[in-house]
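Participant: Here it is, the structure, as structure tokens.
In the UniProt record's numbering, the protein residues as written are 1 to 358.
Printed below as a string of structure tokens:
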């Protein structure tokens, strides 16, 4: 398969693990389709990521720092992790198999479960996608952060699937194994992270850490009111006497602990969590076609005339207005099952009115 824009490290992975790399590429395509589903009502709806060469990194949006860029990177990493983990458990890959770490010793009866190998999927996704972001600039650091957030969306939503054993399904004994959540569920988790994405800057003084922009600005101190020398001395003496007494009280110790706790909380708020999506560049409107930012515009998009979400006509059409059209669609209906064994359906024609952006 011709897959351009691979780095040297990625090409090495392809040579060493061709089957796993192919599974990873399938994971990227699964991620693109999920991206299109999750953002289908947004002005930028991931439709340009499905390119002829199957490499969405051709898209200019992957080189930017938008909120949409963060989502695209995160869901790509999630797709690779999910696909490789699942392929391992299905026996499709020579380099990995079932995850046996949590099953304990073998039982006397035949075990029919196979846990998804999340650890291997996470490891390969990290090597495959992070290989291109080795620089120390804000773009690379943000890509690495969002890749990790995508992988964690899979890891943190691992569930348990069980199978019952016993006469007539009595479930006298039960076998369980770990399994990844349906990728639709992972996509929904990342969609919520997309809505709450945090804008950051690169803090060069703290080991190139990403710091939220709103917390990075220092608060201005209010100027103190001038006081006379006599008043200042009296206030200082009074404070010293009060301090000697208060330091011995339980109330003061609790207040001191409270201040330290608030300070720690304030410092934590400056840094995004590992599961957060982060970006550094304000998104454009995506209203008009612009290949420089991978925008197709919104002309011709279906919109919701009565809704209040992001797909309402006023928002999606960018104030240009919309046309109301009558369309005809055909679908299967009145299906009946006949023994044995086939289904017959009628074809029903429906006319409906739709609204389309000008």
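All C-beta atoms, glycine included, are put in the ideal place defined by N, C-alpha and C.
Predicted model, so just to flag it, every value in this text is computed and none were measured.
If you run the structure through DSSP and keep just helix, strand and coil, what is residue 182?
Facilitator: In the chain shown, residue 182 corresponds to position 182, counting from 1. It is coil, neither helix nor strand.
Participant: Cutting at 6 angstroms between CB atoms, please list the residues of its own chain near residue 115, excluding the five before and the five after it.
Facilitator: Reading the chain shown from its first residue, position 115 is the one you call residue 115. Once the five neighbours on either side are set aside, the close Cβ partners of residue 115 are 98, 99, 177 and 178.
Participant: Between residue 218 and the rest of its own chain, which residues show a CB-CB distance below 6 angstroms, the 5 nearest in sequence each way excluded?
Facilitator: Residue mapping note: residue 218 aligns to position 218 of the chain shown, counting from 1. Low confidence applies to residue 218: its pLDDT is 47, below 50, so where it sits in the model is not reliable, and the reading given next is rough at best. Within the same chain, and ignoring the five residues on either side of residue 218 in sequence, no residue has its Cβ closer than 6 angstroms to its Cβ.
Participant: In whole angstroms, what separates the C-alpha of residue 24 from that of residue 275?
Facilitator: The residue labelled residue 24 in the question sits at position 24 within the chain shown. The residue labelled residue 275 in the question sits at position 275 within the chain shown. Straight-line Cα distance between these residues: approximately 21 angstroms.
Participant: Within the same chain, show all residues whose beta-carbon is closer than 7 angstroms to that of residue 315, passing over the 5 residues directly before and after it, in chain order.
Facilitator: Within the chain shown, the letter at position 315 stands for residue 315. Nothing meets the Cβ criterion.
Participant: Can you tell me whether residue 334 is buried or exposed? The criterion is at least 16 other CB atoms within 10 Å of its CB, across all chains shown.
Facilitator: Stepping through the chain shown from its first residue, residue 334 is reached at position 334. Answer is exposed; the Cβ neighbour count stays below 16.
Participant: Secondary structure at residue 18, three-state DSSP: helix, strand or coil?
Facilitator: In the chain shown, residue 18 corresponds to position 18, counting from 1. Helix, per DSSP.
Participant: Going by the DSSP bridge assignment, what does residue 289 pair with across the sheet?
Facilitator: Mapped onto the chain shown, residue 289 falls at position 289. In DSSP, residue 289 forms a bridge with 296.
Participant: Could you give the residue range of the beta strand (DSSP E) that holds residue 351?
Facilitator: Here residue 351 refers to the residue found at position 351 when the chain shown is read from its first residue. Note, residue 351: beta strand (DSSP E), 342-357.
Participant: Report buried or exposed for residue 298, applying the criterion of at least 16 other Cβ atoms within 10 angstroms of its Cβ.
Facilitator: For the purposes of this step, residue 298 is identified with residue 298 of the chain shown, where counting begins at 1. So residue 298 ends up on the buried side.
Participant: Take residue 150 as the anchor and find which of 342, 317, 324 and 28 has the nearest alpha-carbon.
Facilitator: Here residue 150 corresponds to residue number 150 of the chain shown, with the count starting at 1. Checked all of 342, 317, 324 and 28; the closest Cα to residue 150 is 28.
Participant: In angstroms with no decimal places, state the Cα-to-Cα distance between residue 123 and residue 153.
Facilitator: On the chain shown, position 123 is the one that residue 123 refers to. On the chain shown, position 153 is the one that residue 153 refers to. The straight-line gap from Cα to Cα measures roughly 14 angstroms.
Participant: If residue 146 and residue 73 are in contact, beta carbons under 8 angstroms, what's the gap, nearest whole angstrom?
Facilitator: Looking up residue 146 in the chain shown gives position 146. Looking up residue 73 in the chain shown gives position 73. With a Cβ gap of about 4 angstroms, residue 146 and residue 73 count as contacting.
Participant: According to the neighbour-count rule (16 or more other Cβ atoms, all chains shown, within 10 Å of its Cβ), is residue 118 buried or exposed?
Facilitator: For the purposes of this step, residue 118 is identified with residue 118 of the chain shown, where counting begins at 1. By the Cβ-count criterion, residue 118 is buried, with 16 or more other Cβ atoms from all chains shown falling within 10 Å of its own Cβ.
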